[in-house]
Amino acid sequence: MVAAKQTGANPREIALRLAQECPTPPDWANPEVAGSGFVNYRVHPAAVAKAVETLRKDPAFGILQTPKAETIVMDFSSPNIAKAMHVGHIRSTLLGDSLSRLLSRCGHKVIRINHLGDWGTQFGKLLLAYRQAGRPALDPNRSIQQLEEFYKKGHEQAESDPKKMDEARAELAALQTGETERMKDWQHFCHRSAEHFHEIYRRLGVTFDLEKGESAYHDELPGLVEELLRLKIAEISQGAVVVHNTNISEEPFLIRKSDGAFLYGTTDLAALRSRVRDLHANRIIYVTDGRQQLHFRWLFDTAQKWNQHVALEHVWFGTILGPDRKPLKSRDGTPIKLGDLLDEAKERAKKILQEKRPDLSGEVLNAKAELLGIASLKYADQMPGRNLDYVFTWEKLLAFDGNTAPYILNAYVRSRSILRKAGIPASPDHPIVLGESAEEELSRQLLRFGEVVDLAASDRKPHHLCGYLFETAGMFHRFFEACPVLQASSPALQKSRLTLVGLTGDILREGLGLLGIPTLEEM
Ligand code: ARG
Numbered sequence: 090m091v092a093a094k095q096t097g098a099n100p101r102e103i104a105l106r107l108a109q110e111c112p113t114p115p116d117w118a119n120p121e122v123a124g125s126g127f128v129n130y131r132v133h134p135a136a137v138a139k140a141v142e143t144l145r146k147d148p149a150f151g152i153l154q155t156p157k158a159e160t161i162v163m164d165f166s167s168p169n170i171a172k173a174m175h176v177g178h179i180r181s182t183l184l185g186d187s188l189s190r191l192l193s194r195c196g197h198k199v200i201r202i203n204h205l206g207d208w209g210t211q212f213g214k215l216l217l218a219y220r221q222a223g224r225p226a227l228d229p230n231r232s233i234q235q236l237e238e239f240y241k242k243g244h245e246q247a248e249s250d251p252k253k254m255d256e257a258r259a260e261l262a263a264l265q266t267g268e269t270e271r272m273k274d275w276q277h278f279c280h281r282s283a284e285h286f287h288e289i290y291r292r293l294g295v296t297f298d299l300e301k302g303e304s305a306y307h308d309e310l311p312g313l314v315e316e317l318l319r320l321k322i323a324e325i326s327q328g329a330v331v332v333h334n335t336n337i338s339e340e341p342f343l344i345r346k347s348d349g350a351f352l353y354g355t356t357d358l359a360a361l362r363s364r365v366r367d368l369h370a371n372r373i374i375y376v377t378d379g380r381q382q383l384h385f386r387w388l389f390d391t392a393q394k395w396n397q398h399v400a401l402e403h404v405w406f407g408t409i410l411g412p413d414r415k416p417l418k419s420r421d422g423t424p425i426k427l428g429d430l431l432d433e434a435k436e437r438a439k440k441i442l443q444e445k446r447p448d449l450s451g452e453v454l455n456a457k458a459e460l461l462g463i464a465s466l467k468y469a470d471q472m473p474g475r476n477l478d479y480v481f482t483w484e485k486l487l488a489f490d491g492n493t494a495p496y497i498l499n500a501y502v503r504s505r506s507i508l509r510k511a512g513i514p515a516s517p518d519h520p521i522v523l524g525e526s527a528e529e530e531l532s533r534q535l536l537r538f539g540e541v542v543d544l545a546a547s548d549r550k551p552h553h554l555c556g557y558l559f560e561t562a563g564m565f566h567r568f569f570e571a572c573p574v575l576q577a578s579s580p581a582l583q584k585s586r587l588t589l590v591g592l593t594g595d596i597l598r599e600g601l602g603l604l605g606i607p608t609l610e611e612m
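Residue 228 in this note's numbering is what sits at position 139 of the sequence shown, and the numbering runs on without skipping anything.
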């Protein structure tokens, strides 16, 4: 079509000549000319079969290594100390985890960082109430709850009494200058909070290479602001230090308040510099809520003026909505705690399992319910495009017959059970024969795995992989309906189909693994 435009010839004639004069590659059928000038080539099933045989022997299942490996810092999850992790943290945690898995599978060096919010102004009010109560040791089983209660008490006092507000400010100032007792209390808050976070990360199967809170950069902030002033990147405005750029917004980027206090953005600048300088990052990816887009535009703009040689990306996501299409909340109107969400996922998965497998009980049932519940939650959260808000419903997420983790896991389980019945190893390797269209369709799909992983990684959008796995599971079920495996008409066909079954299972397992979802051998 392009050639036709350039030469003024009839596109259909050019297509006919192309079809006649271009040699057809060996395993391809002769081309057909269609429409106003399309040339359709068809790959013979035999070539597809050969490609599947090669894929079968490839330990990477067709995922190519990037020719340009980078050191990538993935800044994700990053909750705030002394507060329970809530539903707002789930998408950052899961997206950051999947993107880390995807990018490292493609050959990048990924450094996963939890940039904990451990140095905010909330500590003044918290310390006020905590110290009034006599600095009690926090109970490991309910420490976060206790910390939230102290904060609430401190907040109520400070808001209703200006004298208490001053006291809270004094507490914060004492902490920030490193007063011994306050530091000890703060460390206690951090330890107890970390235990809570780690329990959630353990259940989610999420790990970090580095947990470095905002406090770690505290000492660098005064010098950093001076440097930005000296370089004329920042300026003093009404006693505060700001960076201007009217292309971003009329309001400037605040890096030091007129009372001398530093801000979220100042810490982010210090963290960014340290990642470039100490970790040799070529790229930093920040995974947060879409509401922080402006913050990151400012951060990236300032870093660029500051000559920090690093690619910067903000991977943002939309909000999880309740059935009323408003941000998902618990019955009492507070954000749903992540721990409670995981518990409920498990309990609901347990009920479903008990129906399907009345023979299960005790530890086995528990472990399966935990896996299935969390898998469902993870899949449901990653399946919608990340920039979209999505409506959360338990029924949809746990359904065995929808675009869900149980549906895909069921396909995997089925593949394993066929192999067990055939009494052969999990990954048979036999010549592939493609007769039925359902087995050819499935084969072509399996060949696309590497391409889809590459797309999900380079677009920073794991939902591409979700869609692919859902389709693959569907094609596998169709294949299974249309193509007898154990009852195949010849031993050669049986072996070929068993190989397809094994490979489909392998690819479903690998793909789910890249989404942080483990598989199980039996439902
Ligand atoms: N602690 C922040 C929050 O809960 C997220 C931090 C994201 N990372 C960063 N480097 N700013 O909203």
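Note that the Cβ used here is the ideal one computed from N, Cα and C, for glycine as well.
Query	Result
Which of helix, strand or coil DSSP assigns to D255	helix
Neighbourhood of G411 by C-beta distance below 7 angstroms, restricted to the same chain and skipping five residues each side	L417, K418, F481
Contacting residues, own chain, Cβ-Cβ under 8 angstroms from H552 (five flanking each side not counted)	Q471, M472, P473, G474, R475, A545
DSSP-derived helix/strand/coil call for A249	One detail in the question is off: residue 249 reads as Ser in this sequence, not Ala. Reduced to three states, the DSSP call for S249 is helix.
D429 in three-state terms, based on DSSP	helix
Beta-carbon proximity check, L442 vs M612, cutoff 9 angstroms	yes
Close-in-space but distant-in-sequence residues of the same chain around E525 (CB under 6 angstroms, 5 per side omitted)	A571, C572
Supposed contact pair I161 and V199 - C-beta distance, whole angstroms, cut 8 angstroms	5 angstroms
Boundaries of the alpha helix (DSSP H) in which T377 is found, first to last residue	Taken as a continuous stretch (DSSP letters only), T377 belongs to no alpha helix (DSSP H), being part of the beta strand (DSSP E) at 372 to 378.
Cβ-Cβ separation, V590 to I521 (assumed contact under 8 angstroms), whole Å	Not really, about 12 angstroms apart at Cβ, beyond 8 angstroms.
Alpha carbon of G267 to alpha carbon of L205, nearest angstrom	19 angstroms
Which of helix, strand or coil DSSP assigns to S326	strand
Uninterrupted alpha helix (DSSP H) stretches inside the stretch 456 to 539 (no shorter than 4 residues)	483 to 487, 494 to 511, 526 to 536
Residue environment, A173, which counts as buried when at least 16 other CB atoms sit within 10 Å	buried
Start-to-end residues for the beta strand (DSSP E) that takes in V199	198 to 203
Paired residues, beta bridge with N129 - DSSP	E121
Coarse secondary structure for M612, derived from DSSP in three states	coil
Collapsed DSSP secondary structure at G206 in the structure displayed	strand
Cβ-based burial, S547 [other Cβ within 10 Å; buried from 16]	exposed
Distance between R291 and A283 (C-alpha atoms, nearest Å)	12 angstroms
For L215, the three-state DSSP class (helix, strand or coil)	helix
C-alpha gap between D429 and K435, whole angstroms	10 angstroms
Cα-Cα separation, Y557 to T423	36 angstroms
Local Cβ density within 10 Å of L601, reported as buried at 16 or more and exposed below that	buried
First and last residue of the uninterrupted alpha helix (DSSP H) at M564	552 to 571
Distance between beta carbons of Q211 and A171, contact taken as under 8 angstroms	7 angstroms
Any non-hydrogen atom of the ligand ARG within 8 angstroms of D378 CB	yes
Near the ligand GDP: P424 beta-carbon under 8 angstroms from a heavy atom	Judged by which ligands are present, the ligand GDP is missing from the structure shown, whose ligands are the ligand ARG.
As assigned by DSSP and simplified to three states, the class of V91	helix
Inter-residue CB distance, S181 and V365 (contact presumed, cutoff 8 angstroms)	About 22 angstroms; that fails the 8 angstroms criterion.
Contact belief for A118 with R131 at Cβ below 8 angstroms, rounded distance in angstroms	4 angstroms
Sub-9 angstroms separation of H307 and W208 beta-carbons	yes
G206: CB within 8 angstroms of a non-hydrogen atom of the ligand ARG	yes
Reference L358; option with closest CA among E528, S249, V399	V399
Buried versus exposed call for R201 [16 or more other C-beta atoms within 10 Å across all chains shown]	buried
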